[in-house]
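K.L.:
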Amino acid sequence: MRTTSNPAFRNLPTTGGYANFNYGQGQTSPFGQAPAAPPQTARPMTIDDVVTKTAITLGLAVITGTLTYLVGPPAVALALPAAIIGLVISLVIIFKKKVSPALVIVYSAVEGVFLGGISYVFGAVFSPGIIIQAIAGTVGVFAAMLVVYKTGAIRVTPKLTKWIIGAVAGVVVLMLVNLIAGFFTPGGLGLRDGGGLAIAFSLLCIGIAAFSFLLDFDAADKAIRGGVDAKFAWYIAFGLMTTLVWLYLEILRLLSYFQSSD
């Protein structure tokens, strides 16, 4: 399996089906019969498959998110159920043994509803402009990390991979501890109260999410070069989607801290 901070890529095989034949040309079967013909294999994945599937998932999320946002106040009530449903679907996708394009599509639609609801809340509390700023920031970070990866400015090494995976695990633990502490102490550990520590924590999360894109790109690149089945492009699209959602939420939260202090 791929080594990446994104659990969505746990289902990507390490090699394609093109070098895994049990019996190839010039070999005999274990029963001494005539050479067995190589099994039929599916088409190998290409960069076009990744781009197309990613565009479909993101496009659907944008559409459902926009429609939810335009619904108005009812969008607030849709955010929490969509978040729960999205979490359940994501877990099914991650642990499911077979690729399920339908689940990835449904996940994208549900996440769009969740993001639309959350965006409406932030837009109502602060200003609609914060949504545009968060979207622009997310697109900017994604594009910047893609350029960084393509130019080789930062190479994805085993050491960097371990560092990013450890960092992701660390912030997840801190989020959970902060959530639990919030039940006993107002503001918990202060990681989400809008203060200086909260700003620093959001910047840390944004940085880790940005670096996680490098692992996502590397996993996709290796899958393509390894001849992985084209259907696994849906997993890559799902993985990129999860990282983008996390990045957008952290940027949105960070912007809200700055507007609150004005």
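Quick note: the sequence shown uses our numbering, first residue 990, plus one each step.
No residue lacks a Cβ here, since even glycine has one placed at the ideal position from N, Cα and C.
Just so it is clear, the structure is predicted and the values come from calculations on it, not from any experiment.
Less than 8 Å between C-beta atoms, sequence neighbours within five positions excluded: which residues of the same chain meet that for Leu1165?
P.N.:
The residue given as residue 1165 occupies position 176 in the sequence shown. If we look at Leu1165 and ignore the five residues flanking it on each side, it has no Cβ neighbours.
K.L.:
Note down, in chain order, each residue of its chain lying with its Cβ closer than 6 Å to the Cβ of Leu1049, except the 5 sequence neighbours on either side.
P.N.:
Locating residue 1049 in the sequence shown gives position 60, counting from the first residue. So the list reads Ser1097 and Ala1098, once near-sequence residues are dropped.
K.L.:
In whole angstroms, what separates the C-alpha of Tyr1109 from that of Ser1116?
P.N.:
Position 120 of the sequence shown, counted from the start, is the residue given in the question as residue 1109. Position 127 of the sequence shown, counted from the start, is the residue given in the question as residue 1116. Computed Cα separation, rounded: 10 Å.
K.L.:
Compute the distance between the beta-carbons of Ala1133 and Tyr1237, then report whether it is under 8 Å.
P.N.:
For the purposes of this step, residue 1133 is taken as the residue at position 144 of the sequence shown. For the purposes of this step, residue 1237 is taken as the residue at position 248 of the sequence shown. Result no, Cβ atoms of Ala1133 and Tyr1237 do not sit closer than 8 Å.
K.L.:
Name the one or two DSSP bridge partners that Pro1063 has.
P.N.:
On the sequence shown, position 74 is the one that residue 1063 refers to. Per DSSP, none; premise fails for Pro1063.
K.L.:
How should Asp1207 be labelled, buried or exposed, when 16 other C-beta atoms within 10 angstroms of its C-beta is the threshold for buried?
P.N.:
On the sequence shown, position 218 is the one that residue 1207 refers to. Its Cβ being crowded by 16 or more others within 10 Å, Asp1207 is buried.
K.L.:
If you draw a straight line from the alpha carbon of Ser1249 to that of Ile1195, how long is it in whole angstroms?
P.N.:
By 1-based counting over the sequence shown, the position of residue 1249 is 260. By 1-based counting over the sequence shown, the position of residue 1195 is 206. For Ser1249 and Ile1195, the distance between alpha carbons rounds to 19 Å.
K.L.:
What's the C-alpha gap between Arg1242 and Leu1180?
P.N.:
Mapped onto the sequence shown, residue 1242 falls at position 253. Mapped onto the sequence shown, residue 1180 falls at position 191. Approximately 11 Å, taken between the alpha carbons.
K.L.:
Please classify Gly1228 as buried or exposed, where buried requires at least 16 other C-beta atoms within 10 Å of its C-beta.
P.N.:
Position 239 of the sequence shown holds residue 1228. Result: buried.
K.L.:
Quick one: what does DSSP say Phe1033 is sitting in, helix, strand or coil?
P.N.:
For the purposes of this step, residue 1033 is identified with residue 44 of the sequence shown, where counting begins at 1. Per the sequence shown, residue 1033 should be read as Pro rather than Phe. Correct three-state label for Pro1033: strand.
K.L.:
Please give the ranges of any alpha helix (DSSP H) in the segment 1112 to 1186, keeping only runs that are unbroken, at least 4 residues long and fully inside the region.
P.N.:
If we require 4 residues or more, the alpha helix (DSSP H) runs fully inside the segment 1112 to 1186 come out as 1118 to 1140 and 1147 to 1170.
K.L.:
Can you round the beta-carbon distance between Lys1085 and Trp1223 to whole angstroms, since I take them to be within the 8 Å contact cut?
P.N.:
Against the sequence shown, residue 1085 aligns to sequence position 96. Against the sequence shown, residue 1223 aligns to sequence position 234. 11 Å between Cβ atoms; not a contact.
K.L.:
Given Lys1220, which residues of its chain have a CB within under 6 Å of its CB, disregarding the five upstream and five downstream residues?
P.N.:
Mapped onto the sequence shown, residue 1220 falls at position 231. Val1088, listed in sequence order.
K.L.:
Any idea if Thr1104 is buried or exposed, counting beta-carbon neighbours within 10 angstroms, 16 or more meaning buried?
P.N.:
Translated into the one-based positions of the sequence shown, residue 1104 becomes position 115. The residue you asked about is not Thr; residue 1104 is Leu in the sequence shown. Label assigned to Leu1104: buried.
K.L.:
Which residues share a DSSP beta bridge with Asp1218?
P.N.:
Within the sequence shown, residue 1218 is the residue found at index 229, counting from 1. Bridge partners of Asp1218: Pro1033.
K.L.:
Who are the near neighbours of Ala1068 in its chain, counting only those whose CB is closer than 6 Å to its CB and skipping five residues on each side?
P.N.:
Working through the sequence shown from its first residue, we reach residue 1068 at position 79. Phe1103, Gly1106 and Ile1107.
K.L.:
Under 8 Å: do the segment 1147 to 1158 and the segment 1197 to 1205 share three or more Cβ pairs, one atom per stretch?
P.N.:
Output reads yes: the segment 1197 to 1205 touches the segment 1147 to 1158.
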